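Accompanying notes for the structure given below.
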Amino acid sequence: MITLVPFERVTHAVMEELKVRLLEVFAAEVGSVPPIVIPLWTYEPLRGQYNAHSLLQVLQEGKGHERILGIVDRDLFVPRLNFVFGVADPVGHRALIALPRLQQGFYNLPPDPSLFLLRTVKEAVHELGHTGGLEHCPDPRCVMYFSNSLADTDQKDYQFCPRCRTKITF
Numbered sequence: 040m041i042t043l044v045p046f047e048r049v050t051h052a053v054m055e056e057l058k059v060r061l062l063e064v065f066a067a068e069v070g071s072v073p074p075i076v077i078p079l080w081t082y083e084p085l086r087g088q089y090n091a092h093s094l095l096q097v098l099q100e101g102k103g104h105e106r107i108l109g110i111v112d113r114d115l116f117v118p119r120l121n122f123v124f125g126v127a128d129p130v131g132h133r134a135l136i137a138l139p140r141l142q143q144g145f146y147n148l149p150p151d152p153s154l155f156l157l158r159t160v161k162e163a164v165h166e167l168g169h170t171g172g173l174e175h176c177p178d179p180r181c182v183m184y185f186s187n188s189l190a191d192t193d194q195k196d197y198q199f200c201p202r203c204r205t206k207i208t209f
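Numbering-wise, the sequence shown is residues 40 to 209 according to the numbering used here.
Dropping the structure here:
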């Protein structure tokens, strides 16, 4: 079971695309809960970003085979990095993805809704893969390849390579 937890303003289109694609990739039931409020204490005013680890703590831990995926339409960071597309807590079976930097508009480019949804799915599968015990993969086409930029995200698939597919515990 994968439970999607939107933080405040996440569109219906994002939620529906994630439900369809995560079912396809993981062959697991995908549900969702109503949006939750972003706690003020997770915001870092000096950076103008939200602390990804703090938001991850807000999500309840998954029990048994349940996975929790938070979706937030805010820019995230972790210490020592300028930004992150997402983070995961493999022990707690929870993950979080950030939407702003996946959108063309963030870079002053014309919107591309289908590309944005595909990037969102890739990041969701990647972070959920970490909750299933996977590390980063050296195959640049595998969804578990580390994305240091959107170019990395765009070149990979939203599926696991054969090696990672055999290693995931979900």
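Think of the CB as a built atom: it goes at the ideal place given N, C-alpha and C, for glycine as much as any other residue.
Predicted model, so just to flag it, every value in this text is computed and none were measured.
Quick check: what's the CA-CA separation for residue i versus residue j?
i      : j      : result
ILE75  : VAL111 : 10 Å
LEU105 : LEU167 : The residue you asked about is not Leu; residue 105 is Glu in the sequence shown. Taking the straight line joining both Cα atoms gives about 11 Å.
VAL132 : ARG204 : Looking at the sequence itself, residue 132 is His, so the reference to Val does not match. Approximately 18 Å, taken between the alpha carbons.
CYS200 : SER186 : 15 Å
GLN96  : GLU47  : 16 Å
MET54  : ALA190 : 24 Å
PHE145 : GLU56  : 21 Å
GLN194 : LEU141 : 14 Å
MET183 : PRO129 : 14 Å
LEU173 : MET40  : 18 Å
ILE77  : LEU94  : 8 Å
My output table needs one value for residue i: the three-state DSSP class, helix, strand or coil.
i      : result
ARG86  : coil
LEU43  : strand
ASP128 : strand
ARG133 : strand
Label residue i either buried or exposed according to how many other C-beta atoms from any shown protein chain fall within 10 Å of its C-beta, with 16 as the threshold for buried.
i      : result
GLU83  : exposed
ARG180 : exposed
GLU68  : exposed
VAL49  : buried
ARG158 : buried
THR192 : buried
LYS161 : buried
With residue i and residue j assumed to form a contact (beta carbons below 8 Å), what rounded beta-carbon distance in angstroms separates them?
i      : j      : result
PHE124 : ILE136 : 7 Å
Tell me the DSSP bridge mates of residue i?
i      : result
LEU108 : LEU43, ALA134
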